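Residue numbers (my numbering), protein chains in the order written: chain A, 1 to 456; chain B, 457 to 912. Note that beta-carbon positions come from the ideal geometry of N, C-alpha and C, so glycine has one too. Please read all numbers here as calculations on a predicted model, not as lab measurements.
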């Protein structure tokens, strides 16, 4: 490590208490984006960030949206330098159920090295690490060798409804060589990770209609195709007993991992017993021929997310319903695309629908899968930064879910790579009661951010 | 026809207007058993019947129950004569939706030969025909060659919750050689029918449980058996693509119809085009190798009556639910029994449940199937009576549903046969708005009842 970084890391250690005090101040603002009664407070959290950036000479302004404002700041040293865009969100999940919190969600409490508060890990603590990293450089008169841009939105927890438009309308100011997003967690406590792959999503709703009205099963049982039965036939034709998806050409574009990647996945310290305990099951289940970790990351899956039809109340009602429905989604992997899967799904549903019913398919939201080249220089810089910040070489992982914001940066702004480096822990209780953030991880995050400024 | 019957039929024709006036009076009483705010009115309808019977010298009394009272009357001429027990119900379905009635449900209106009112066909008009049949005999001084008993309950539309106990506690006064129930309809207008078979019912609720809590399909898709998927696998293993039920030994006790019965069914004027129009479908569907009418009467069927699990709201939620459920019922035919089918179903569910989930099966209500010997003398008498009353030989039919009251008379009181002779029409809108009863059918019903008194 060079002298400059040593000096900065020392400064961080010396200022730890002050950082925690400031984070506590930030966590006291109840910026619940989903609840309109917190509208003012949510804005206040954005303004708080705006001030913090301005204090560090970042050219910052608030961009109004129909919802909560976007805080955007730019610290351009030299147009010839590389630029890092830092993304985060200042809004938080609603704190319910309130009675399960050991201390009030917006009155931060420090205990056993953690700060307990809504938003501590998701995402206030993580984004604030970048601001404190910048502060360390500024206060020590250390010149950062890259340009920095900051984009903090206030609507991530409600699906970022206004971010896409903001990105489209502000492409010019958003130009960057990499985006850094710290809004997740390490692979396990003490094992930092870089997420280089995300699965995509294709989500559909099916409505199966049969007879024009509900029928009595006594008078009509044996005469018509029951829409629930037709629906279960369709759903069963989507997967075989080994959980292989049967939609024609579904796997045609699936990228098989090379030997190196297979090895990466196999070497991850996967805790199967712990997973089983978490799920409350003795049996893991999924596509034959792949390990559990492969199945949830590099393989596409199909799940029925909801099903309904007929009588759901207490007791018995002898009805043959006029209709039934289901929500079905697929997790996609590179190089599958939503567009192609939508087409294949619709064709297949038409093919496997039994006679006597009609099926209406509604396409709901989705996302394309993401795969970031691990060999890109910026990815190597991120590895180095995490190693310096956390004192341990990060693992490379692919996640099973999708992050809409990542798709937006990749597809709208064409920024590559996107550095997904979560500073939190898997058991930070984000979205649940007693959310927390390890204060050591907070300090390690600040050091990682500083390192990234110098490694990129 | 003998002179005595001719004289009685003539009397009926002469008194038609008065009968209709009296029926109208009966229909004005809003005896809605399901609605406690109509409790007094429901009782009033019972009292009205009690008086009508007493006026004809029938020894009548009200039997109180925890719900609405049972009216029981006996006209015993001679203990050595055969006895006919007449069953009917004085309660009616709730009249909702009120705004779809062309005239108020409890203000009877005569139009185009029909009387429009709630309860007109189900069952006030039909049971009243028996009282007017008795009145014709009494007023003309004609001695009836059998003993008569009347049992009118006020809770049929809410499932006869107190009838079983009444029957069990009063077996001595209920002794009879046949029961007559007119609470249904002709095969088609102008084609009277005797129902000699009813299907039974075995009803179950399934709950499939998997992971101990709902999971995100991104993070866990590919790791667990989704309870909805497990449920659809189970449901699909219940029937094959030809709608044949796959439960082991399910068909073992099914009575195959003999050639004579097959011919009876084949000769019924079954209106397939009309049924398709009623159902709003181009395709009828059911067990291969049987006609539609066979499928809904002499063959057992299995239907999923309800299904639920996961997210049923608007839009997309990427959940793998912790549980899913379904209601499943089977229509049984002679000589299947609920007891045996319950056992076979439970065994089969255990056999076909896939790994990774648990299934809990709850047994809900049911009924055994019923088959009445068409060759019994009382059945022949019913044929003759309907032929005289309606001027046309009745057809023999088996119905797809079950009638709990029939099971009670057969199983508790051991009365055989039960004569199911509906005087109504299939399009009388029972249970719906604008219920009606054809006044010609009313008069034909009175003549049928008189004939039965003399033919039995």
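Between the CA atoms of residue j and residue i - distance to the nearest angstrom
{"i": "residue 519 of chain B", "j": "residue 496 of chain B", "result": "16 Å"}
{"i": "residue 144 of chain A", "j": "residue 811 of chain B", "result": "57 Å"}
{"i": "residue 741 of chain B", "j": "residue 815 of chain B", "result": "29 Å"}
{"i": "residue 339 of chain A", "j": "residue 30 of chain A", "result": "39 Å"}
{"i": "residue 148 of chain A", "j": "residue 10 of chain A", "result": "23 Å"}
{"i": "residue 793 of chain B", "j": "residue 296 of chain A", "result": "47 Å"}
{"i": "residue 619 of chain B", "j": "residue 637 of chain B", "result": "15 Å"}
{"i": "residue 582 of chain B", "j": "residue 597 of chain B", "result": "24 Å"}
{"i": "residue 264 of chain A", "j": "residue 756 of chain B", "result": "57 Å"}
{"i": "residue 456 of chain A", "j": "residue 239 of chain A", "result": "45 Å"}
{"i": "residue 87 of chain A", "j": "residue 409 of chain A", "result": "10 Å"}
{"i": "residue 572 of chain B", "j": "residue 879 of chain B", "result": "16 Å"}
Residue range of the beta strand (DSSP E) that includes residue i
{"i": "residue 471 of chain B", "result": "Segment 459-483 is the alpha helix (DSSP H) holding residue 471 of chain B; no beta strand (DSSP E) there."}
{"i": "residue 365 of chain A", "result": "358-367"}
{"i": "residue 187 of chain A", "result": "Taken as a continuous stretch (DSSP letters only), residue 187 of chain A belongs to no beta strand (DSSP E), as it is neither H nor E."}
{"i": "residue 89 of chain A", "result": "83-89"}
{"i": "residue 203 of chain A", "result": "200-209"}
{"i": "residue 133 of chain A", "result": "Here residue 133 of chain A belongs to no beta strand (DSSP E); instead the alpha helix (DSSP H) covers 125-139."}
Whole-angstrom C-beta distance between residue j and residue i, which should lie under 8 Å
{"i": "residue 827 of chain B", "j": "residue 652 of chain B", "result": "7 Å"}
{"i": "residue 69 of chain A", "j": "residue 43 of chain A", "result": "6 Å"}
{"i": "residue 185 of chain A", "j": "residue 426 of chain A", "result": "5 Å"}
{"i": "residue 34 of chain A", "j": "residue 94 of chain A", "result": "5 Å"}
{"i": "residue 237 of chain A", "j": "residue 352 of chain A", "result": "4 Å"}
{"i": "residue 323 of chain A", "j": "residue 210 of chain A", "result": "7 Å"}
{"i": "residue 309 of chain A", "j": "residue 325 of chain A", "result": "7 Å"}
{"i": "residue 176 of chain A", "j": "residue 84 of chain A", "result": "6 Å"}
Minimum Cβ-Cβ distance from residue i to chain A less than 8 Å
{"i": "residue 775 of chain B", "result": "yes"}
{"i": "residue 434 of chain B", "result": "A query on residue 434 of chain B cannot be resolved here, the shown segment of chain B reaching from 457 to 912 and no further."}
{"i": "residue 666 of chain B", "result": "yes"}
{"i": "residue 659 of chain B", "result": "yes"}
{"i": "residue 710 of chain B", "result": "no"}
{"i": "residue 676 of chain B", "result": "yes"}
{"i": "residue 815 of chain B", "result": "no"}
{"i": "residue 545 of chain B", "result": "no"}
{"i": "residue 684 of chain B", "result": "yes"}
{"i": "residue 748 of chain B", "result": "yes"}
{"i": "residue 880 of chain B", "result": "no"}
{"i": "residue 735 of chain B", "result": "yes"}
Min CB distance residue i to chain B below 8 Å
{"i": "residue 157 of chain A", "result": "no"}
{"i": "residue 351 of chain A", "result": "no"}
{"i": "residue 288 of chain A", "result": "no"}
{"i": "residue 86 of chain A", "result": "no"}
{"i": "residue 370 of chain A", "result": "no"}
{"i": "residue 295 of chain A", "result": "yes"}
{"i": "residue 250 of chain A", "result": "no"}
{"i": "residue 216 of chain A", "result": "yes"}
{"i": "residue 232 of chain A", "result": "yes"}
{"i": "residue 363 of chain A", "result": "no"}
{"i": "residue 395 of chain A", "result": "no"}
{"i": "residue 67 of chain A", "result": "no"}
{"i": "residue 355 of chain A", "result": "yes"}
{"i": "residue 420 of chain A", "result": "no"}
The alpha helix (DSSP H) enclosing residue i, as first and last residue numbers
{"i": "residue 388 of chain A", "result": "377-390"}
{"i": "residue 414 of chain A", "result": "Run containing residue 414 of chain A: none; DSSP gives neither H nor E here."}
{"i": "residue 909 of chain B", "result": "895-911"}
{"i": "residue 352 of chain A", "result": "338-352"}
{"i": "residue 716 of chain B", "result": "715-723"}
{"i": "residue 752 of chain B", "result": "No alpha helix (DSSP H) contains residue 752 of chain B, which DSSP labels as neither H nor E."}
Short CB-CB distance (under 8 Å) between residue i and chain E
{"i": "residue 245 of chain A", "result": "Note that chain E does not occur in the displayed structure, where the protein chains are A and B."}
Members of the stretch 182-201 of chain A near chain B, C-beta cut-off 9 Å: Taking 9 Å as the Cβ-Cβ cut-off against chain B, the residues of the stretch 182-201 of chain A that qualify are 198, 199 and 201.
At a CB distance below 9 Å, what residues from the stretch 27-46 of chain A approach chain B? Give them in sequence order. Listed in chain order, the positions of the stretch 27-46 of chain A with a beta carbon within less than 9 Å of a beta carbon of chain B would be empty, since no residue qualifies.
Could you name the residues of the stretch 756-771 of chain B whose beta carbon sits closer than 7 Å to any beta carbon of chain A, in the order they occur along the chain? Those residues of the stretch 756-771 of chain B that come within reach of chain A (Cβ to Cβ, closer than 7 Å) are 757, 759, 760, 761, 762, 763, 764, 765, 766, 767, 768 and 771.
At a CB distance below 8 Å, what residues from the stretch 831-849 of chain B approach chain A? Give them in sequence order. Of all residues in the stretch 831-849 of chain B, none comes within less than 8 Å of chain A when Cβ atoms are compared.
Under 9 Å (Cβ pairs) to chain A, residues found in the stretch 853-868 of chain B: Contact annotation: in the stretch 853-868 of chain B, residues whose CB is within less than 9 Å of a CB in chain A are 855, 856, 857 and 858.
Can you pull out the residues from the stretch 780-796 of chain B whose beta carbon lies closer than 9 Å to at least one beta carbon of chain A? The stretch 780-796 of chain B vs chain A, Cβ under 9 Å: 780, 781, 782, 783, 785, 786 and 787.
Check distances from the C-beta atoms of the stretch 565-580 of chain B to those of chain A and list, in chain order, the residues that come in under 7 Å. Answer in chain order: no residues at all.
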